[in-house]
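These protein sequences, in sequence, are chains A and B. Note that the first sequence covers residues -14 to 470 in our numbering. Note that the second sequence covers residues -14 to 470 in our numbering. Below you'll find the structure, written out as structure tokens, and then a few comments.
Protein chains: 2
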Amino acid sequence: MQAVKLKPRAEHGDGDSDGDGDHGDGYGDRAAALTALRDAFGARVLTSDAIREQYGKDESHHPSSPPDAVLRPRDKFEVQRIVQLCAQHRMPVVAFGVGTSLEGNVAALAGGICIDSSEMKQIIQVNAEDFDVVVQPGVTRRQLNQHLKGSGLFFPIDPGADATLGGMASTRASGTNAVRYGTMRENVLNIEAVLADGSLIRTAKRARKSAAGYDLTGLLVGSEGTLAVFTELTVRLHPAPESMASAVCVFETIKGAVDTVIQLIQCGIPVARVELCDALTIKSFNMYSGTDFIESPTLLLEFHGSDAGVREQAEATQELAHDNGGGEFKWTQNTEERNKMWRARHDAAYSGKRLHPKGRIWATDVCVPISRLADCIEATRRDIEESKLLAPLVGHVGDGNFHLLLLVDHDDPQEVARAEALHRRMVMRALDMDGTCTGEHGIGQGKIDFLKLEHGAAVSTMRAVKQALDPHNIMNPGKIFDQKS
Amino acid sequence: MQAVKLKPRAEHGDGDSDGDGDHGDGYGDRAAALTALRDAFGARVLTSDAIREQYGKDESHHPSSPPDAVLRPRDKFEVQRIVQLCAQHRMPVVAFGVGTSLEGNVAALAGGICIDSSEMKQIIQVNAEDFDVVVQPGVTRRQLNQHLKGSGLFFPIDPGADATLGGMASTRASGTNAVRYGTMRENVLNIEAVLADGSLIRTAKRARKSAAGYDLTGLLVGSEGTLAVFTELTVRLHPAPESMASAVCVFETIKGAVDTVIQLIQCGIPVARVELCDALTIKSFNMYSGTDFIESPTLLLEFHGSDAGVREQAEATQELAHDNGGGEFKWTQNTEERNKMWRARHDAAYSGKRLHPKGRIWATDVCVPISRLADCIEATRRDIEESKLLAPLVGHVGDGNFHLLLLVDHDDPQEVARAEALHRRMVMRALDMDGTCTGEHGIGQGKIDFLKLEHGAAVSTMRAVKQALDPHNIMNPGKIFDQKS
């Protein structure tokens, strides 16, 4: 973990005694950059401490690193103008959605300009016949699905938080529905973006597939703002299922629940969501949401399909659950009950906090091949016990991805040290199992060293791409790679 | 179209009068490179004219450009050694599968060393529980599916030819099954590859998803050998369907067939294959394969699922076809009949040739949003009529992708000119419709100018990536980008 916290004082200039344009930190004259931005955008350049502080932080445990200023462009040309001015003055640029990232991905580690997408929330064009939609990056997933109501289409990717599509593309988000519908990698058709040199590109046309040159869409999805600022995205839509049902199934052991999931996937049952919650997580739901779930390892499931198909899937799942020691299998097609269940799941981070008065959530994010998932979770549980930490476990287990919501008092260095040790053990185990240190949160500032362990020589390849597209390292510096690289 | 054909004479050296290491063409001393390779690989460095000629060509209309030598490495370390020696001597490197590409992708435009993967055909590890398999790049799709028989799993991507997985990843291939199972983009989990500097990287772990850094897998898939030589791939497998059925449906008009497909996709029927053949294509099938299909626009379909599911899908499709003027809907679950039908379809390129005694096939490859497909095909048919060319039309219409198999006598400059004009019109129309110049064949040497029209400023971004990872342009030069870039 990196704890660097810079507080650039742009307003007072930062000197350049040798006149080489480098102001000590590799960047240009911040005051001059702000002046240029004010010339272009006037009072829309926001620099109050309150606003800067607000935009320096996401929902993670990483400390705030405020930008020098915040701007809220209204269209792609304004984004381009901002980046051009920043490029000219070698000023860092950090794109911001709604700040729900979990690895300090939006903190302005080197100061600079935060480009907030909150005034770019237009749904530009629903192409119902082509199952896609063109949006501005500030559109959130709930806003989009609200807009699509009645169209017979929906956008499935659901990371829990009501994140922006720009942010979700940026971190290659996925969440509860990915087991059936894929992640942002599979659901972004093209991106329009401003690069570090101020040029505006579009990564692909709107055809469902293409073999025309390098897959720049794929390159930008998951690049965490280190290569470009997005100005428009085209994402895939899916037919709204004719019928939906959800189910809750309680198990005596975590292993029984995980084995059920593994068999479910291996049987090819097209489950839409399958979430594991351990007993502690369920306890926190009951405390926070007033639910009355049995406090035991639990699977939350959702099935999409025709009426008959949904029933068939649920029955097959129930049988598998029974074979693995599952207890009562409660299923419902009632929308309200379904929503209540998923609301509890989505609030896991908030409810988890209740378990530890001084604790802040530190969310881990390993993902392993599904054949190794049961072993991985078992070993993790032993680690948690030894660590004496409070750590509810939730997981998108159909993907082999699970999170601990580590509850850590960040003022207690020993607790922090134990959390770090536990996290490291988890990541090393996931890598040993041919898994990854992050299934969906991204590298941000928290997993830079793990990226090196995971990818080895390939990190140099990533760095070469970064260097080629952003030679002055103005795009979200200090994320994915060390700041000085 | 580029018709440059270099015949480097490596054996005689190529001079370097000013001693700057540059032998006039940006590359090093070819004779010295060959000597170094012979020191390492002895008589395995193949330089006979017959072999060189064979490896300078694929199945396209592009002329042969033979490499200076061919090598057949047996493992990743041998690949790495070859690339390292080539890097040292600035010698071009062209990776070769079985030569079924369609845009001159494997021609050694600047000579150099052809790395043939025919001795890297090991299926390294089937991870049945994880639905993936690790293979060497020379494994072909039929070899893989033969190996998987009885495992309950299969590899769906099917471009027609029995291509290697390395080659398919390289061109981002797709084919008849992509409408249901995706393209190579969605089905390659990770790649191990040697870069231009001789380093060996692996792009990802084996987890089903990851948010760890840039998506190098996506960057290499579709890079056509211009960034790396693949040494190992992990690809996704899918559950072999419980039941399969195929169907043939004849239409009075192409429009009726295309509208049926559009509605099929829009209704969310998970059809596994849906191929359009125009009357001329069907005629060529009958001539070549002795089939007795009615010579009218035809859809060839395949359904995968449970017994009941397959029947349900076929019935729904039949109804749609009927509404769009479809005639008899013949469906079968008989494997032999099914294979016969798909064999005819796969042989389309060979049967097409029969229509024109002097004609060689020039396969076009546009792909448009499905809402524009009917218009696009209609306009294309008018173009064909005006062009007076023979041009059977086949298409993976569920993706919005279709091909003309232009039959062109390449010794007739007027016929070539008419083909070029027709092709250009098709591409410009596809771009106007927000489509792409290539759905699955890649840019190769034939579509470099179209790539610029399609991607505009983004081509500079691709070029910057190429420049960063292959600064001396030794990896398959002259493909995707102009040779001198």
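For every residue, glycine included, the Cβ atom is placed at its ideal position computed from N, Cα and C.
**Request:** Note down, in chain order, all residues in the region 182 to 193 of chain A with a beta-carbon under 8 Å from any beta-carbon belonging to chain B.
**Result:** Ser184, Leu185, Ile186, Arg187, Thr188, Ala189, Lys190, Arg191, Ala192, Arg193
**Message:** Helix, strand or coil for Gln107 (chain A)? Go by DSSP, reduced to three states.
**Reply:** By one-based count along the first sequence, residue 107 (chain A) stands at place 122. Gln107 (chain A) falls in the coil class under three-state DSSP.
**Message:** Given this structure, state the Cα-to-Cα distance separating Ala376 (chain B) from Arg187 (chain A), to the nearest angstrom.
**Reply:** Position 391 of the second sequence, counting from 1, holds the residue named residue 376 (chain B). Position 202 of the first sequence, counting from 1, holds the residue named residue 187 (chain A). Roughly 33 Å between the two C-alpha positions.
**Request:** Would you tell me roughly how many angstroms separate the C-alpha atoms of Ser336 (chain B) and Ala348 (chain B), rounded to the nearest one?
**Result:** Taking the second sequence and counting its residues from 1, the one referred to as residue 336 (chain B) is at position 351. Taking the second sequence and counting its residues from 1, the one referred to as residue 348 (chain B) is at position 363. Going from the Cα of Ser336 (chain B) to the Cα of Ala348 (chain B) covers about 13 Å.
**Prompt:** Looking only at C-alpha atoms, which of B:Ala154, B:Leu70, B:Leu285, B:Tyr199 sits nearest to Glu313 (chain B)?
**Reply:** Taking the first residue of the second sequence as 1, we reach residue 313 (chain B) at position 328. Nearest of B:Ala154, B:Leu70, B:Leu285, B:Tyr199 to Glu313 (chain B), Cα basis: B:Leu285.
**Item:** Nearest-angstrom Cβ-Cβ length linking Ala154 (chain B) and Val124 (chain B), presumed shorter than 8 Å
**Value:** Here the question's residue 154 (chain B) lines up with position 169 in the second sequence. Here the question's residue 124 (chain B) lines up with position 139 in the second sequence. With 8 Å as the limit, Ala154 (chain B) and Val124 (chain B) do not qualify as a contact, their Cβ atoms being about 11 Å apart.
**Message:** Looking at the strands, I want to know which residues DSSP matches up with Asp101 (chain A).
**Reply:** Stepping through the first sequence from its first residue, residue 101 (chain A) is reached at position 116. Bridge partners of Asp101 (chain A): A:Phe81.
**Request:** Kindly indicate which three-state DSSP category His457 (chain B) falls into: helix, strand or coil?
**Result:** Numbered from its first residue, the second sequence carries residue 457 (chain B) at position 472. DSSP places His457 (chain B) in coil when its eight states are reduced to three.
**Item:** Contact list for the region 414 to 446 of chain A against chain B, Cβ threshold 9 Å
**Value:** Ala415, Leu416, Met418, Asp419, Gly420, Thr421, Cys422, Thr423, Gly424, Glu425, His426, Gly427, Ile428, Lys432, Phe435, Leu436, Glu439, His440, Gly441, Ala442, Ala443, Val444, Ser445, Thr446
**Message:** Quick check for students: name the residue ranges of the alpha helix (DSSP H) that lie wholly in the region 196 to 279 of chain A, counting only runs of 4 or more.
**Reply:** 201 to 205, 239 to 251, 264 to 274
**Message:** Let me confirm a value: Thr211 (chain B) is counted as buried when at least 16 other C-beta atoms fall within 10 Å, else exposed. Which label applies?
**Reply:** The sequence position of residue 211 (chain B) within the second sequence is 226, counting from 1. Under this definition Thr211 (chain B) is a buried residue.
**Request:** Check the Cβ of Ser195 (chain B) against every Cβ in chain A and list those closer than 7 Å, keeping chain order.
**Result:** Residue 195 (chain B) sits at position 210 when you count from the first residue of the second sequence. The answer, in chain order, is Cys352, Thr421, Thr423, Gly424.
**Message:** Here's a check: name, in chain order, each residue in its chain whose Cβ is nearer than 7 Å to the Cβ of Ile250 (chain B), leaving out the five neighbours to either side.
**Reply:** On the second sequence, position 265 is the one that residue 250 (chain B) refers to. Ile355, Gly383, listed in sequence order.
**Request:** Give a yes or no on whether the C-beta atoms belonging to Glu217 (chain B) and Glu177 (chain B) are separated by under 8 Å.
**Result:** Counted from its first residue, the second sequence places residue 217 (chain B) at position 232. Counted from its first residue, the second sequence places residue 177 (chain B) at position 192. For Glu217 (chain B) and Glu177 (chain B), yes; Cβs fall inside 8 Å.
**Asked** So, helix, strand or coil for Asp117 (chain B), using DSSP?
**Response** On the second sequence, residue 117 (chain B) is found 132 positions in, with the first residue counted as 1. Residue state, collapsed to three classes: strand.
**Message:** Less than 7 Å between C-beta atoms, sequence neighbours within five positions excluded: which residues of the same chain meet that for Phe139 (chain B)?
**Reply:** Sequence index remark: in the second sequence, residue 139 (chain B) carries index 154 (1-based). For Phe139 (chain B), where only same-chain residues beyond five positions count, the Cβ hits under 7 Å are Asn130, Leu133, Leu222, His223, Ala225.
**Item:** Which listed residue (B:His440, B:Asn461, B:Arg59) has its alpha carbon closest to that of Thr202 (chain A)
**Value:** To locate residue 202 (chain A), count along the first sequence from 1; it is residue 217. Checked all of B:His440, B:Asn461, B:Arg59; the closest Cα to Thr202 (chain A) is B:His440.
**Request:** Return the CA-CA distance between Ser102 (chain A) and Val233 (chain B), expressed in angstroms with no decimal places.
**Result:** Here residue 102 (chain A) is taken as the residue at index 117 of the first sequence, counted from 1. Here residue 233 (chain B) is taken as the residue at index 248 of the second sequence, counted from 1. If I take the Cα positions, the gap works out to 50 Å.
**Message:** Between Glu304 (chain B) and chain A, is the shortest Cβ-Cβ distance under 8 Å, so that the two count as touching?
**Reply:** The residue given as residue 304 (chain B) occupies position 319 in the second sequence. Not an interface residue.
**Validate contact between the region 67 to 79 of chain B and the region 87 to 102 of chain B using beta carbons, cut 8 Å, 3 pairs** = yes
**Backbone secondary structure at Leu133 (chain B) - three-state DSSP** = By 1-based counting over the second sequence, the position of residue 133 (chain B) is 148. Residue state, collapsed to three classes: helix.
**Prompt:** Would you call the region 362 to 380 of chain A and the region 258 to 266 of chain A in contact, with 3 or more CB pairs under 8 Å?
**Reply:** yes
**Asked** Listing by chain order, which chain A residues have their CB less than 8 Å from the CB of Asn112 (chain B)?
**Response** On the second sequence, residue 112 (chain B) is found 127 positions in, with the first residue counted as 1. Result: Pro354, Ser356.
**Message:** Quick check on DSSP: helix, strand or coil for Cys352 (chain B)?
**Reply:** Start at 1 with the first residue of the second sequence, and residue 352 (chain B) comes out as number 367. It is a strand residue.
**Asked** In terms of alpha-carbon separation, which member of A:Ser86, A:Phe236, A:Trp327 lies closest to Ala257 (chain A)?
**Response** For the purposes of this step, residue 257 (chain A) is identified with residue 272 of the first sequence, where counting begins at 1. Selected option, being the one with the closest Cα: A:Trp327.
**Asked** For the beta strand (DSSP E) that Phe387 (chain A) lies in, which residues bound it at each end?
**Response** As a working note, residue 387 (chain A) is residue 402 in the first sequence. Per DSSP, Phe387 (chain A) belongs to the beta strand (DSSP E) from 386 to 393.
**Message:** So that I know if they touch, is there some Cβ in chain A lying closer than 8 Å to that of Asp455 (chain B)?
**Reply:** Position 470 of the second sequence, counted from the start, is the residue given in the question as residue 455 (chain B). So, not an interface residue.
**Prompt:** Of all the alpha helix (DSSP H) runs that stay within the bounds of the region 20 to 82 of chain B, which reach a length of 4 or more residues?
**Reply:** 34 to 39, 61 to 73
**Residue span of the beta strand (DSSP E) that contains Val412 (chain A), given as start and end** = In the first sequence, residue 412 (chain A) corresponds to position 427, counting from 1. Where Val412 (chain A) is concerned, there is no enclosing beta strand (DSSP E), although the alpha helix (DSSP H) it sits in stretches over 398 to 417.
**Item:** Nearest-angstrom Cα separation, counted from Met229 (chain B) out to Val243 (chain B)
**Value:** The residue you call residue 243 (chain B) lines up with position 258 of the second sequence. The residue you call residue 229 (chain B) lines up with position 244 of the second sequence. So the alpha carbons of these two residues sit roughly 23 Å apart.
**Message:** Just checking: is the beta-carbon of Gln452 (chain A) within a distance shorter than 8 Å of some beta-carbon in chain B?
**Reply:** The sequence position of residue 452 (chain A) within the first sequence is 467, counting from 1. Judged by the 8 Å Cβ criterion, Gln452 (chain A) is in contact with chain B.
**Asked** Counting contacts by CB-CB distance shorter than 8 Å, is Glu363 (chain A) in contact with chain B?
**Response** Position 378 of the first sequence holds residue 363 (chain A). No, Glu363 (chain A) lies away from the interface with chain B (no Cβ there is under 8 Å from its Cβ).
**Message:** By the 7 Å beta-carbon criterion, what residues does the region 204 to 231 of chain A contribute toward chain B?
**Reply:** Leu204, Val206, Gly207, Ser208, Pro224
**Amino acids of chain A, ordered along the chain, whose beta-carbon sits closer than 7 Å to that of Thr168 (chain B)** = Here residue 168 (chain B) is taken as the residue at index 183 of the second sequence, counted from 1. In chain order: Lys194.
**Prompt:** Do Leu204 (chain B) and Gln248 (chain B) have their C-beta atoms within less than 8 Å of each other?
**Reply:** Translated into the one-based positions of the second sequence, residue 204 (chain B) becomes position 219. Translated into the one-based positions of the second sequence, residue 248 (chain B) becomes position 263. Taking 8 Å as the Cβ cut-off, Leu204 (chain B) and Gln248 (chain B) do not qualify as a contacting pair.
**Asked** Does Gly310 (chain A) have its Cβ less than 8 Å from a Cβ in chain B?
**Response** For the purposes of this step, residue 310 (chain A) is taken as residue 325 along the first sequence, with counting starting at 1. For Gly310 (chain A), the answer is no, since every Cβ of chain B falls outside 8 Å of its Cβ.
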